[in-house]
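K.L.:
All residue numbers for the sequence shown refer to the numbering used here, where the first residue is 173 and numbers rise by one. If you scroll down you'll find the structure; I have some questions about it.
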Amino acid sequence: MLQLARPRHFLRLLMSTRNELRLCGLTVVRARFQNDAASIQRLYFDAPTGRKLGVMCKALAAARKVYRCVEPAELEKIAGTVHHGGVVAIVSAPLLRVPRAQDIERWAGRKTPVLVLDRIGNAHNLGAIARTAAFFGVEHVVLPEGPAVAVPNDAAYRVAEGGLEHLNVWRVPVLPRFLAQLRAAGYAVVGAAARGGRVEDRMRGPLALVLGNEEEGLAPDVAAACTQLVTLPGSGRVESLNVSVAAGILIHTLLTK
Numbered sequence: 173m174l175q176l177a178r179p180r181h182f183l184r185l186l187m188s189t190r191n192e193l194r195l196c197g198l199t200v201v202r203a204r205f206q207n208d209a210a211s212i213q214r215l216y217f218d219a220p221t222g223r224k225l226g227v228m229c230k231a232l233a234a235a236r237k238v239y240r241c242v243e244p245a246e247l248e249k250i251a252g253t254v255h256h257g258g259v260v261a262i263v264s265a266p267l268l269r270v271p272r273a274q275d276i277e278r279w280a281g282r283k284t285p286v287l288v289l290d291r292i293g294n295a296h297n298l299g300a301i302a303r304t305a306a307f308f309g310v311e312h313v314v315l316p317e318g319p320a321v322a323v324p325n326d327a328a329y330r331v332a333e334g335g336l337e338h339l340n341v342w343r344v345p346v347l348p349r350f351l352a353q354l355r356a357a358g359y360a361v362v363g364a365a366a367r368g369g370r371v372e373d374r375m376r377g378p379l380a381l382v383l384g385n386e387e388e389g390l391a392p393d394v395a396a397a398c399t400q401l402v403t404l405p406g407s408g409r410v411e412s413l414n415v416s417v418a419a420g421i422l423i424h425t426l427l428t429k
């Protein structure tokens, strides 16, 4: 029988490091367990959800890792949100690698589509884009470095609903330089613009889609590094779509052909 963790242990249960993330929700936690069970360091859940976690708890017990059934109020504090879905997994944070020249050459050889996000600042948008990208089978997402750039964090994982487990997320120091590498490898680099863009009927070779910042769109040097720009036509009643919605349309249109 599952037992509730005692309150005097609560501060110890909350302890984490900057190298850890809190993954919330049954779908998200199950996806992580299936993808990388060893990365789960601790698991907390409420009584109803605990009944669905038998296999997971057994694996954690075998690995001598902590798993606890806790009161709902304590679970909310551990999660840092009321939207915890009954379970929280404390996991090792991912290391975002820089793609090497041989990585890019391998992608190009396989005609693997690449999704590039230019200064997307909202973690919820990042999570929504990741969910869409995973749904359509995109494998690689590239982010630039910068303090205002959203990275895969607690909120992004929650919104992605397991999608981030199916993506390779990379980080590059200078985005225009990376786009130049893609072009040199044979990629068509298509940037999403609020106006003035178009797409050729036939684009040869692998394709990279670049989406810009929520407020400003593509940075000028990033737009200049693209081989062409695309604009989604609309009614004109509103200026633009949310970046995650635009991502869904463009990924389906351009990257899944």
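Yeah, the Cβ is synthetic: ideal placement off N, Cα and C, and Gly gets one too.
Between residue 337 and residue 203, which are expected to be in contact by the criterion C-beta below 8 angstroms, what is the C-beta distance as a whole number of angstroms?
P.N.:
By 1-based counting over the sequence shown, the position of residue 337 is 165. By 1-based counting over the sequence shown, the position of residue 203 is 31. Between residue 203 and residue 337 the Cβ distance is about 4 angstroms, and since that is below 8 angstroms, they are a contact.
K.L.:
In whole angstroms, give me the CA-to-CA distance for residue 417 and residue 334.
P.N.:
If you number the sequence shown from 1, residue 417 lands on position 245. If you number the sequence shown from 1, residue 334 lands on position 162. Each residue's alpha carbon lies about 18 angstroms from the other.
K.L.:
With 16 other CB atoms within 10 Å as the buried threshold, where does residue 376 fall?
P.N.:
For the purposes of this step, residue 376 is taken as residue 204 along the sequence shown, with counting starting at 1. Exposed, because fewer than 16 other Cβ atoms sit within 10 Å of the Cβ of residue 376.
K.L.:
Would a C-beta distance cut-off of 8 angstroms place residue 386 and residue 294 closer than the cut-off?
P.N.:
Along the sequence shown, read from residue 1 onward, the residue named residue 386 stands at position 214. Along the sequence shown, read from residue 1 onward, the residue named residue 294 stands at position 122. Closer than 8 angstroms, so yes.
K.L.:
Where does residue 312 sit, in a helix, a strand or coil, going by DSSP?
P.N.:
In the sequence shown, counting from the first residue as 1, residue 312 sits at position 140. In the structure shown, residue 312 sits in a strand (DSSP, three-state: E or B).
K.L.:
Considering only the alpha carbon of each residue, which of 210, 269 and 221 lies closest to residue 262?
P.N.:
Reading the sequence shown from its first residue, position 90 is the one you call residue 262. With distances taken between Cα atoms, residue 262 lies closest to 210.
K.L.:
Under 8 angstroms, do residue 218 and residue 241 count as touching if we go by C-beta distance?
P.N.:
Here the question's residue 218 lines up with position 46 in the sequence shown. Here the question's residue 241 lines up with position 69 in the sequence shown. Their beta carbons are under 8 angstroms apart, which means residue 218 touches residue 241 by this criterion.
K.L.:
State the CB to CB distance for the pair residue 290 and residue 200, rounded to an integer number of angstroms; the pair is presumed to be in contact (CB under 8 angstroms).
P.N.:
The sequence position of residue 290 within the sequence shown is 118, counting from 1. The sequence position of residue 200 within the sequence shown is 28, counting from 1. So it is not a contact: roughly 26 angstroms between Cβ atoms.
K.L.:
Note down, one range per segment and in chain order, each beta strand (DSSP E) of at least 3 residues found wholly within the stretch 309-362.
P.N.:
DSSP runs (the beta strand (DSSP E)) wholly in the stretch 309-362: 312-316 and 340-344.
K.L.:
Kindly list the residues whose CB is nearer than 8 angstroms to the CB of residue 307, restricted to its own chain and excluding five residues on each side of it in sequence; keep chain order.
P.N.:
Within the sequence shown, residue 307 is the residue found at index 135, counting from 1. Cβ neighbours of residue 307 beyond the five flanking positions: 335.
K.L.:
Verify whether the separation of the beta carbon atoms of residue 361 and residue 347 is less than 8 angstroms.
P.N.:
Within the sequence shown, numbered from 1, the residue matching residue 361 stands at position 189. Within the sequence shown, numbered from 1, the residue matching residue 347 stands at position 175. Not closer than 8 angstroms, so no.
K.L.:
Would you kindly work out how many angstroms separate the C-alpha atoms of residue 187 and residue 264, rounded to a whole number?
P.N.:
As a first step, residue 187 must be located in the sequence shown, where it is residue number 15. As a first step, residue 264 must be located in the sequence shown, where it is residue number 92. Unreliable positioning characterises residue 187 in this predicted model, as indicated by a pLDDT of 42, which lies under 50. A coordinate reading is not provided.
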